[in-house]
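Student: A single structure is presented below for examination.
There are 4 protein chains.
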Amino acid sequence: MRPPTPGVSFEDVPEPSMVPGTVKVRILENGVCGTDREVSAGRLLTARPPPGKDWMILGHEALGQVEKVGEGTSGLEEGDLVMPINRRGCGQCMNCQMGRPDHCETGGFRENGITELDGFMSETLIEQPRYLVVVPKNLRDIAILAQPLSDLVKSVDEMLHVQGRLHFQCEDYTLNCRRALVTGTGPIGMLVSMLLRTYGMKVYAANRREPKEVEKRIFSEVGVQYYNSSSGYGELYKEAGGMDVIFDTTGKADVIHSLLPLLRNNSFLAFFGFSSEGMMNLTSLDVQRLIFKGVAMVGLANGQKPHFERALWHLASWKTVWPEAVKMLITREVRVQEFDEVKRVLERKEEGEIKVKLIWS
Amino acid sequence: MRPPTPGVSFEDVPEPSMVPGTVKVRILENGVCGTDREVSAGRLLTARPPPGKDWMILGHEALGQVEKVGEGTSGLEEGDLVMPINRRGCGQCMNCQMGRPDHCETGGFRENGITELDGFMSETLIEQPRYLVVVPKNLRDIAILAQPLSDLVKSVDEMLHVQGRLHFQCEDYTLNCRRALVTGTGPIGMLVSMLLRTYGMKVYAANRREPKEVEKRIFSEVGVQYYNSSSGYGELYKEAGGMDVIFDTTGKADVIHSLLPLLRNNSFLAFFGFSSEGMMNLTSLDVQRLIFKGVAMVGLANGQKPHFERALWHLASWKTVWPEAVKMLITREVRVQEFDEVKRVLERKEEGEIKVKLIWS
Amino acid sequence: MRPPTPGVSFEDVPEPSMVPGTVKVRILENGVCGTDREVSAGRLLTARPPPGKDWMILGHEALGQVEKVGEGTSGLEEGDLVMPINRRGCGQCMNCQMGRPDHCETGGFRENGITELDGFMSETLIEQPRYLVVVPKNLRDIAILAQPLSDLVKSVDEMLHVQGRLHFQCEDYTLNCRRALVTGTGPIGMLVSMLLRTYGMKVYAANRREPKEVEKRIFSEVGVQYYNSSSGYGELYKEAGGMDVIFDTTGKADVIHSLLPLLRNNSFLAFFGFSSEGMMNLTSLDVQRLIFKGVAMVGLANGQKPHFERALWHLASWKTVWPEAVKMLITREVRVQEFDEVKRVLERKEEGEIKVKLIWS
Amino acid sequence: MRPPTPGVSFEDVPEPSMVPGTVKVRILENGVCGTDREVSAGRLLTARPPPGKDWMILGHEALGQVEKVGEGTSGLEEGDLVMPINRRGCGQCMNCQMGRPDHCETGGFRENGITELDGFMSETLIEQPRYLVVVPKNLRDIAILAQPLSDLVKSVDEMLHVQGRLHFQCEDYTLNCRRALVTGTGPIGMLVSMLLRTYGMKVYAANRREPKEVEKRIFSEVGVQYYNSSSGYGELYKEAGGMDVIFDTTGKADVIHSLLPLLRNNSFLAFFGFSSEGMMNLTSLDVQRLIFKGVAMVGLANGQKPHFERALWHLASWKTVWPEAVKMLITREVRVQEFDEVKRVLERKEEGEIKVKLIWS
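Residue numbers (our numbering), protein chains in the order written: chain A, 8 to 368; chain B, 8 to 368; chain C, 8 to 368; chain D, 8 to 368.
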């Protein structure tokens, strides 16, 4: 792609050379997410190619296999399955130096396939082991989900940290009594619902329509209750009561206003997704209520290497416990060679799609 | 007072009897705060007398002296200076059982002089030692400030806890590089400015006018920079840059919208005060920015017994380090016997007032 | 059993009646652990029957199936697989009230099959849902391991909490650079080695002999390095360097002395197991070194309900990632009806045994 | 001094030149502590002069005044009172990069007046502002205590962090119900006793003799109970019960063995001081008890810049609340010009001494 020009093309580009301390990875699969679509449509303002080039390789979700281990590297062997992590620190602030560019202070971080770094939709990748996560062989089929899940692992960590300002556990020290609402049922909504279930919470997932068949089956297996929010959240409040945690994955600011009555004392509202729709209008009285209720609202995003590792362990556990649901999350596979189809995938989300994989070879 | 009827009267009421496990405290002083004015004006919706009565004693800030130690009590002696804490837990949720009714889940807590419990504006008080904080003799002159300060001690704790989701310390592990803005220069604004200075931060205090003489002198001694925000915060941003922490003590929702550009990456916005003015209008783009910046917004209030104890230690340290400033915070003393004057004090805040004390004796 | 009389017998006892708020569970399997052997040999001083009885049912590891759901219960259905948790709080201290009897302050907690509560080696169990953990169907084969693993989940939590007094993460914010040594290769040593691998650490497991075949195979699959410590730890130090974490599962006090040179700056030494052998002799110089190195030493034990839940998730992930190793942990199954064999199992640990299951039906 | 040669001399040495980014500080006072005596007696093994010199200036406790502000510095003005912090990071490990050389992983840190850096017993000091702490004018008389107190502020932080592995607060969320024992009544023992009082704990201070007059007066004002441990701790246990926290400031390993019975469930044992006497003999049964009780034992030392800042605030509060006690801690002042007397001070601790100050001018 040539941001900000919309559109993508399928081109031969020179392979970067291996320098000491790197390994060569053959890409097996890429995941496609909403951000890829925003980037390839030229709508994401932070999208810009690496300095000195007018083009950039797209993609920040990938699974690959180590093809060649370079000099001066350790910890990886030929044949290892690996995933690249997709953010590089600014090199200046302490959070980046600690391996936490998700909390970069300067804003000077770079991101593969988005900001100043080539992405992963290419045949091979030259990378340092520090930015590669080893993937267990038995997870090859669903490992691609670990990138979006890593963002959520980090986010749920942060939610639990913030809730640690008070006593958030139930009487039996579990979180079984806590209620969470997830708005939106895209891949992010699905994955965070499953993750909150794993943490033992009661989970409600909402969308403004009847649930699709695949959603019904997934939510049934993982024990999430679906709620049709097309007429607001009044019914949910009546049935289930207020919520301790709300993860908004829609990013529609007006949704937030309607969620306020659902927030219990001491609750947590995560802004996760973002879109360009709507307006949040809060009155002073709303703000008073937020104070009286002691609500915390936090904008969350972007997992790092440990969150990738833990995402893989979660996927491994889900494969045992929810074997059907976890497979259903990948709704489609497209071969990279069918480039017209790849283009269509990048242009718009299909009806019923959760996650699409691009397959190399 | 007879809420919701506005107005207060000065009456003889029967003294409650001492039951085992209580001590009798002679009240020496009461502090007056904005909430007392809201309650006595009949504007606070949560104000209601104890069950079975149609009247309630006002006041939630008091300093007293133990007059009689009842049977079955320990830890207090006749003559001890004490302050009563002003919230009682709901008796049901775990936070209340842990002594943390500031995070009561049920909302069923009671509050002296506000909700279902008599306040402290009376000659004597019968209380359990568990709800009394011992005050060092040398702090008698300013101890009354410990009640509002306790709320801020708790709030800054919570801010620091939430910021612990990332690395918030500077290169030398202090907070000296961190910038905080406090909006509003009432007693809460003053006290939180001083507290954040104590934690080592650079502090800016803003109000929509030129600073008063007393503010100038206090801020000069404690090293806080005053900012006149009548034309917005643009100049502050140019001079000082973005803020890591903003404590809003005005409660005006529209102020918040104008503060958003000041919020740095990873920053914290505390909603502390509340008023009935204004409207916060956030667009989806604003919400996007809050996510990208990883901002945390938390409604904060209400200190408990350990926060009172620490507030007293802070006041003790300020008396050594900022001896003039700490005295200037108490702008006026009124004898309770001058009841017409007391009424005027409760009716409205005087020009130049920071804190008013009512004196018994 | 009739503690302190050694020995066990196989008897018909009256089934307790179901009171409201309980469910009836049919026991499917019991795990046998070292503590069961200590108890049945009459060697554990804390072993005593429930008040008013001179006998007690043994066993604190069990997997069962809900047979009947009593009135006034919720959250469980007939047919659910469940595991009982095995400690009940003292009802007095705050830690017990919070569901944390692992940190009971009074020491007045009770423990199934050990102290004042019947154990789980019986056909049926009447229990409140609060003390039952739901087990995913697909984990039935290995779920029995969740009880001992829950102790380790809690212990590793506590280790990570204590290490949070400093910066313990590596440059990439993972724990991949951290080295852990586990002494002892019984079920506890095996499980904690696997758990520390799951947390991303480099793990060394030591015993004073050549590894057995089953150990070799397990450690090879999970990526743990075995070390024969029969001639001390000098060779390990030369090969691998000092350790950031040591989990001692042998309880031999003299082992600890020999471990001190292995402790790096800022390291953590967990006392987990305990036996009756040996003596720890530390000189003042040793203590000086512990101070200079900033070492933390903590005695760890006993997981609660959330730790059981997380243990089950770990087992689920291991079943995907390490399918052979996790099966090999259960080295033998004995039918309860073969009571002579059960007796032998309870009398002594067999050569090559890791975990033995007793099977009902 | 010329380590490892014992003894000190009073010499003219060339003044280091001011480089950009530094300020020149005129030293006003030095504190003398046990480590200075160990260093000047040639007994401390880590004592070595800066590379390329065979001599080193002694002293790691100092109070000075900024005499000249160099180019490229900010935050300090001529006339400011300042204290230098006395440890410099290794420049390699993450803890040092974060400003936490108290948890240096490599051991490569340097320490003024001890290891490879000149100390502060000189007329002037050239230093970067990053290593200087501003001292409030009104604290000039006792500020010198902030260096040893900073170590304790850090240590109590770490204790409270470790105790956060469980619920350590009392029913009213204070620490008023918690009991702490401090062994040893030197400056460290005195300061930590006062600090633990400030945190609200019940404090017992023990030494193996009758208390001296000055100790009686200090402990009486600050509310600490003295205990004569010459016949062991049995009486203390009978009177006061077990302890939640023990700070050993004697470093005598055999003391520790006798303290074990005093440790309550969930308690914390800090190794703070160290000497060359004694031997700690723990049996396996002792280790078993440490596990059952869930005791944490941690070696603690060395405060950093934020701990200095907080030590100053504590001293300021003590000056208000305990004005006599805080003055009595400084038992003697010696003018540097009386060099024979300085030598005697460095040779041995005088009867009745708590803290000695050396005065320049």
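We put the CB at the ideal spot given by N, CA and C, even for glycine.
Would C/Y180 count as contacting chain A if we go by Cβ distances under 8 Å?
Tutor: Yes, its Cβ sits closer than 8 Å to a Cβ of chain A.
Student: Could you tell me whether the region 18-26 of chain D touches the region 126-138 of chain D, using the rule of 3 or more Cβ pairs below 8 Å?
Tutor: Yes: the two stretches touch, three or more of their Cβ pairs being nearer than 8 Å.
Student: Using the three-state DSSP reduction, which class does C/L307 fall into: helix, strand or coil?
Tutor: Coil at C/L307, not helix or strand.
Student: So that I know if they touch, is there some Cβ in chain D lying closer than 8 Å to that of C/R107?
Tutor: Closer than 8 Å: yes.
Student: Just to make sure I have the definition right: I need the residues of chain A whose C-beta is within less than 7 Å of the C-beta of D/M101. Which are they?
Tutor: Correct list: M105.
Student: Could you pull out every residue in the same chain whose Cβ sits closer than 8 Å to the Cβ of B/Q72, ignoring the five residues on either side in sequence?
Tutor: These residues qualify, in order along the chain: V32, R33, L35, G86, D87, L88, V89.
Student: So is A/R204 buried or exposed if we call it buried at 16+ other beta carbons inside 10 Å?
Tutor: Under this definition A/R204 is a buried residue.
Student: Using the Cα positions of B/Q154 and B/Y244, report the straight-line distance between them to the nearest angstrom.
Tutor: C-alpha separation (whole angstroms): 33 Å.
Student: Can you pull the chain B residues whose beta carbon is under 7 Å from the beta carbon of A/T290, in chain order?
Tutor: Chain B residues near A/T290: A260, M286.
Student: Which value, in whole angstroms, describes the spacing of the CA atoms of C/R265 and C/Y240?
Tutor: As written in the sequence, residue 265 of chain C is Ser, which differs from the Arg given in the question. About 7 Å.
Student: Run the CB neighbour count on C/D158, radius 10 Å, all protein chains shown included, and call it buried at 16 or more, exposed below.
Tutor: Buried, by the Cβ-count rule.
Student: Roughly how many angstroms lie between the CA atoms of C/G82 and A/N214, to the nearest whole one?
Tutor: Taking the straight line joining both Cα atoms gives about 26 Å.
Student: Is the Cβ-Cβ distance between A/Y211 and A/K223 less than 8 Å?
Tutor: No; because the gap between Cβ atoms is not below 8 Å, this pair is not in contact.
Student: Which whole runs of the beta strand (DSSP E) in the region 35-63 of chain D are 3 residues long or more, in chain order?
Tutor: You should have found no qualifying run.
Student: What does A/P91 pair with, by DSSP beta-bridge criteria?
Tutor: A/P91 is bridged to A/L139.
Student: Does the beta carbon of A/G171 sit closer than 8 Å to a beta carbon anywhere in chain B?
Tutor: Yes, A/G171 counts as interfacial toward chain B.
Student: Closest by CA to D/P268, which one among D/E331, D/N235, D/S237, D/V302?
Tutor: Comparing Cα positions, the closest option is D/V302.
Student: So for B/D251, helix, strand or coil by DSSP?
Tutor: Three-state result, B/D251: strand.
Student: Can you list, in chain order, the residues of its chain with a C-beta nearer than 7 Å to that of B/E228? Leave out the 5 residues immediately preceding and following it.
Tutor: Around B/E228: W329, E331, A332.
Student: Can you find a CB in chain A that lies within less than 8 Å of the CB of C/T205?
Tutor: Output row for C/T205: interface = yes.
Student: Report yes or no: do the region 100-117 of chain D and the region 37-48 of chain D share at least 3 C-beta pairs separated by less than 8 Å?
Tutor: No: the two stretches stay apart, fewer than three of their Cβ pairs being nearer than 8 Å.
Student: Distance check for C/I263 and B/D251, CA to CA, integer angstroms please.
Tutor: Going by the C-alpha atoms only, they are around 47 Å apart.
Student: Compile a chain-ordered list of the residues in the region 292-315 of chain D whose CB is closer than 8 Å to at least one CB of chain C.
Tutor: Listed by position, the residues of the region 292-315 of chain D near chain C (Cβ gap below 8 Å) are L292, D293, V294, Q295, L297, I298, F299, K300, G301, V302, A303, M304, V305, G306, L307, A308.
Student: Establish whether the CB of C/F226 and some CB of chain D are separated by less than 8 Å.
Tutor: Not an interface residue.
Student: Between the beta-carbon of C/G106 and the beta-carbon of A/Q176, is there less than 8 Å?
Tutor: Yes. Within cutoff.
Student: For B/V76, write down the residues that DSSP places opposite it in a beta bridge.
Tutor: Looking at the DSSP assignment, B/V76 forms a beta bridge with B/V30.
Student: With the cut-off set at 8 Å, would you say B/K334 and D/D179 are in Cβ contact?
Tutor: No; because the gap between Cβ atoms is not below 8 Å, this pair is not in contact.
Student: Among the candidates B/P21, B/N37, B/T53, whose CA atom is the shortest distance from the CA of B/P11?
Tutor: It is B/T53.
Student: Going by Cα to Cα distance, which pick from C/K362, C/G207, C/R355 is closest to A/L319?
Tutor: Here the closest residue by C-alpha is C/G207.
Student: Can you say whether D/S238 is buried or exposed, counting buried as having 16 or more other CB atoms within 10 angstroms of its CB?
Tutor: Exposed, because fewer than 16 other Cβ atoms sit within 10 Å of the Cβ of D/S238.
Student: How many angstroms separate the CA atom of B/A277 from the CA atom of C/A187?
Tutor: About 41 Å.
Student: Output yes if chain B places a C-beta closer than 8 Å to the C-beta of D/R9; else output no.
Tutor: Chain B contact via Cβ: absent.
Student: Compile a chain-ordered list of the residues in the region 325-351 of chain A whose CB is closer than 9 Å to at least one CB of chain C.
Tutor: Going along the region 325-351 of chain A in chain order, one finds W325, K326, T327, V328, W329, P330 with a Cβ nearer than 9 Å to chain C.
Student: Return helix, strand or coil for B/N183, following the three-state DSSP convention.
Tutor: Correct three-state label for B/N183: coil.
Student: If you draw a straight line from the C-alpha of C/L307 to the C-alpha of C/L139, how long is it?
Tutor: About 23 Å.
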